[in-house]
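Trainee: Pasting a structure here, questions to come.
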Amino acid sequence: MTNELVPVLEGDLIFMADDSVPVLGGSRPVSNFEEIEKTLNNSLSKLAAGDGPNYKLVKIYSGEVQVVSGLSTRIEADLMDENGTTKRFKVCIWSQPWLKNGVQVTFECDGEPTVVKSHDP
């Protein structure tokens, strides 16, 4: 954070805010991947136990979380499929634990169709 004033749009108003203060509802980068690794591995295990996809985590490159209607976790990672092929994915895990099948996982990989699956929290 640079502690500079940055423009913020709120409805029809634009005002200046200190960029060192987190914006409510804004996303924040994750520097310690331990928690998002647990979240991703939990989703990968639950999906593999159902109708898939069947991926294993190889490496996390980046992550960010955002409080929305639940929690949205966005991760860029290498995942390996059941054939041993590793590809770079953008994975979004949107968790609404109060709902049945309240975890929606979206897998995006260049050159492949987007896959969206849900599982119980």
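In the UniProt record's numbering, the protein residues as written are 1 to 121.
Every residue gets a Cβ at the ideal spot worked out from N, C-alpha and C, and that includes glycine.
For a minimum of 3 consecutive residues, which ranges assigned as the beta strand (DSSP E) are wholly contained in the UniProt domain "Cystatin" (22–110)?
Mentor: Within the UniProt domain "Cystatin" (22–110), the complete beta strand (DSSP E) runs of at least 3 residues are 56–68, 70–80, 86–95 and 103–108.
Trainee: Any idea if residue 55 is buried or exposed, counting beta-carbon neighbours within 10 angstroms, 16 or more meaning buried?
Mentor: That one is buried.
Trainee: Exposed or buried, residue 77, counting other C-beta atoms within 10 Å across all chains shown (16 or more means buried)?
Mentor: Residue 77 comes out buried.
Trainee: For a quick check, are the C-beta atoms of residue 91 and residue 114 less than 8 Å apart?
Mentor: The answer is no: Cβ separation not under 8 Å.
Trainee: Please go through the same chain and pick out, in chain order, the residues whose beta-carbon is closer than 7 Å to the beta-carbon of residue 30, but skip the five residues on each side of it.
Mentor: The residues are 36, 63, 64 and 65.
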